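Trainee: Questions regarding the structure given below will be posed in turn.
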Amino acid sequence: MKKIAILGAFGVVAAATSWAQQTPADLVKAQCAKASTVAEFWHGFRDAAQQNVLNALAAEFNKTNQGTCVLPIGQGGYGDLSTKIKAGFAAGKVPAMAQAFENNIALYLEADKLTDLKSIGVRPQYLQKRFVDAATFKGVLYGMPFNKSIQLMYFNKDLLKKYNAKVPATLEEFTQTVRDISKAQNAPAFWFQPTASTFAPIFLTLGGDYEVGGKLQLNSPIAVRALQWFLDLTKEKAARPITSGFINSQLNDTFGFALDTSAGMPFYKNAAKFNLGINTLPGAKRGVPGTALIQGTNLVVFSDAPKAQQAVAAKFMNFATQPRNSAIFATQTGYVPSSDLAQETAEYKTFVKANPDFDNVIKQARFADFEPRLSDWEAIRFNILEAGIKEAVAGKVSAKEALDKAQKQAEDLLSGRTK
Ligand code: FGO
7 MKKIAILGAF GVVAAATSWA QQTPADLVKA QCAKASTVAE FWHGFRDAAQ QNVLNALAAE
67 FNKTNQGTCV LPIGQGGYGD LSTKIKAGFA AGKVPAMAQA FENNIALYLE ADKLTDLKSI
127 GVRPQYLQKR FVDAATFKGV LYGMPFNKSI QLMYFNKDLL KKYNAKVPAT LEEFTQTVRD
187 ISKAQNAPAF WFQPTASTFA PIFLTLGGDY EVGGKLQLNS PIAVRALQWF LDLTKEKAAR
247 PITSGFINSQ LNDTFGFALD TSAGMPFYKN AAKFNLGINT LPGAKRGVPG TALIQGTNLV
307 VFSDAPKAQQ AVAAKFMNFA TQPRNSAIFA TQTGYVPSSD LAQETAEYKT FVKANPDFDN
367 VIKQARFADF EPRLSDWEAI RFNILEAGIK EAVAGKVSAK EALDKAQKQA EDLLSGRTK
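What follows is the structure in structure tokens.
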């Protein structure tokens, strides 16, 4: 297990450096064994480092709430999490609390399974307004922004230096730099996952919008242009599609650039054997960063959970979003601080002094957008849009064909024809 020194900031032993030490997960387990009310917190963090931060946060909360406890339980990845929650609805077994994307909230609301957070004492004060608004449906807050991410530009400073290239500030410069370095090193410099997540920052930066006049539109001319951009660079061997695994776990010295979630920051930092650069996204014009996709999740509370567990969940949400806890959680993970006041804390200031790159998370968060909050969006983004992107990048269909097909499939799904 990797050692994460700063976890100690939550007052918990960093991580197991020998078998005799207690990990944050062990600590939480011991606390919950003694508690009379256990609020399960289902999450989609697969990675040990992220699980450690989550468990350390829960352990710190549990310490000050004798008799009650929050128990994080991993369900696999985000997709597994929503699948298990949906199965839990049918089986009548839900946790007190879970992570949820905005579209998951819409879906869980259709099943009438969510609790109005303010009614159980959640106070969303000093939270990023846009995040709060996105988790508010018909004026009611159902999700507490917890681990919301934006995307950043990760790059290889050594490679840029070697080829005398400047850090690209615009999409045009980015495209040219990627082309030049790829040609010079005879290997693709821009690495990307052919996914809806990576497609989005280019689509959004070019001015794209998935919802036009209240209607879902996956095949707009801008969408075709954005997908064509990936296809052209791939064909020219300037871009390398990474079709399995995270980019951050495959870095080598031909890696030039990636546009990836801020939650990847600790992983890129750990893995890079070159000088890693982190910046805001290249923009449509100079001086304005590109538009990132907002990902990561909110915390929701299920209405079928016993009231005593709901009360613990509400307390935990207020605890997690306190400025200091928000600052520690964000700096350890790369997520956008949930509290606007996090930046004023000593923990945040100390971290940013040693890691000035982190400020880009705050800067980029002002230039970022959400995917549609449709209850069917998870199915659309993975099974339809992303499937089309992958087919096009694999050279099986053109950008227009892929997106026209995706549009038709999405319309069929939304009209109930293929549900
Ligand atoms: C991930 C997924 C959705 C939805 C977006 C949706 C469902 C995307 C994208 C599909 O919290 P974020 O920013 O980052 C993830 C976090 C937890 O796993 O850590 C990131 N990570 C983990 C290990 C690692 O080595 N590197 C690394 O970056 C991980 O990406 O969320 C971004 C990636 C995806 O999961 O493949 O959000 N996403 N919208 N998933 N189910 N539904 O609507």
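According to the working numbering, the sequence shown is numbered sequentially starting from 7.
Heads up, the beta-carbon is just placed ideally off N, CA and C, and yes, glycines get one too.
No experiment lies behind these values; they were computed from the predicted model shown.
1) Inspect the beta-carbon positions of T211 and T297 and report whether they are closer than 7 angstroms.
2) Restricting to Cα atoms, I'd like to know which of L224, T424, E178 is closest to A290.
3) Rounded to whole angstroms, what's the CA-CA distance from Y132 to D382? Just pull it up for me.
4) Among V367, P329, T303, whose alpha-carbon lies nearest the alpha-carbon of L265?
5) Do P329 and S345 count as a contact pair if the criterion is CB distance below 7 angstroms?
6) State the start and end residues of the unbroken alpha helix (DSSP H) segment that holds A319.
7) When we look at the beta-carbon of F256 and count the other beta-carbons within 10 Å, is it buried (16 or more) or exposed?
8) Can you give the Cα-Cα distance for D363 and A62, rounded to whole angstroms?
9) Under 7 angstroms, Cβ to Cβ, is there at least one residue of chain D near I248?
10) Using three-state DSSP, classify I228 as helix, strand or coil.
11) How many Å lie between A20 and L287 at the Cα?
12) Just curious, the alpha helix (DSSP H) that E46 is in, first and last residue?
13) Is DSSP giving A21 helix, strand or coil here?
14) Within the present structure, is the beta-carbon of G251 separated from the nearest heavy atom of the ligand FGO by less than 6 angstroms?
15) Any heavy atom of the ligand FGO closer than 6 angstroms to the CB of S404?
16) By the DSSP assignment, the beta strand (DSSP E) with L305 in it spans what residues?
17) For A229, which residues of its own chain have a beta-carbon under 7 angstroms away from its beta-carbon, when the five flanking residues on both sides are left out?
18) Please say whether T43 and T74 have beta carbons closer to each other than 7 angstroms?
19) Could you pull out every unbroken beta strand (DSSP E) segment of at least 3 residues lying fully inside the stretch 98-160, listed in chain order?
20) Among residues of its own chain, excluding the 5 on either side of N110, which ones have a beta-carbon nearer than 6 angstroms to its beta-carbon?
21) Only counting the same chain, and skipping five residues up and downstream in sequence, which positions put a Cβ closer than 6 angstroms to that of I386?
22) Who are the Cβ neighbours of K321 in its own chain at under 7 angstroms, not counting the five residues just before and after it?
23) Rounded C-beta distance between A456 and G340? I'm assuming under 8 angstroms.
24) Following a CB-centred definition, is A269 positioned closer than 6 angstroms to any heavy atom of the ligand FGO?
25) Smallest Cα separation from K243: which of K279, N324, F196, I253?
26) So I126 and V307 are in contact, right, with Cβ under 8 angstroms, and what is the actual spacing, rounded?
Mentor: In terms of the structure at hand:
1) Taking a C-beta distance under 7 angstroms as the contact criterion, T211 and T297 qualify as a contact pair.
2) Looking at the Cα atoms, E178 is the closest of the given residues.
3) Approximately 31 angstroms between the Cα atoms of the pair.
4) Residue V367 holds the alpha-carbon nearest to the alpha-carbon of L265 among V367, P329, T303.
5) Yes. Within cutoff.
6) Where A319 is concerned, the enclosing alpha helix (DSSP H) stretches over 313-326.
7) Note that residue 256 is Gln in the sequence shown here, rather than Phe. With fewer than 16 Cβ atoms within 10 Å of its Cβ, Q256 is classed as exposed.
8) Within the model, the alpha-carbon separation for D363 versus A62 is close to 24 angstroms.
9) The question asks about chain D, but that chain is absent: this structure has only one protein chain.
10) Residue state for I228 is assigned as helix, using DSSP reduced to three classes.
11) With a pLDDT of only 48 at A20, under the threshold of 50, the placement of this residue in the model should not be trusted; the figure read from the coordinates follows. Cα to Cα, A20 sits roughly 33 angstroms from L287.
12) Unbroken run through E46 is the beta strand (DSSP E), 43-49; no alpha helix (DSSP H).
13) Model confidence at A21 stands at a pLDDT of 49, short of 50, so the residue's coordinates are unreliable and nothing is read from them.
14) G251 Cβ: outside cutoff for every heavy atom of the ligand FGO.
15) Not under cutoff, so the answer is no.
16) The continuous beta strand (DSSP E) containing L305 extends over residues 301-307.
17) The residues are F209, G214, L409.
18) A distance below 7 angstroms separates the beta carbons of T74 and T43.
19) At a cut-off of 3 residues, the continuous stretches assigned as beta strand (DSSP E) that sit fully inside the stretch 98-160 are 103-106, 150-155.
20) Only S88 meet the Cβ criterion.
21) Around I386: A416.
22) N71.
23) Outside the shown range of the chain (7 to 425) lies residue 456, about which nothing can therefore be said.
24) Answer for A269: yes, Cβ within range of the ligand FGO.
25) Check the Cα spacing between K243 and each of K279, N324, F196, I253: the tightest is with F196.
26) V307 and I126 do touch by the CB rule: their CB atoms are close to 7 angstroms apart, below 8 angstroms.
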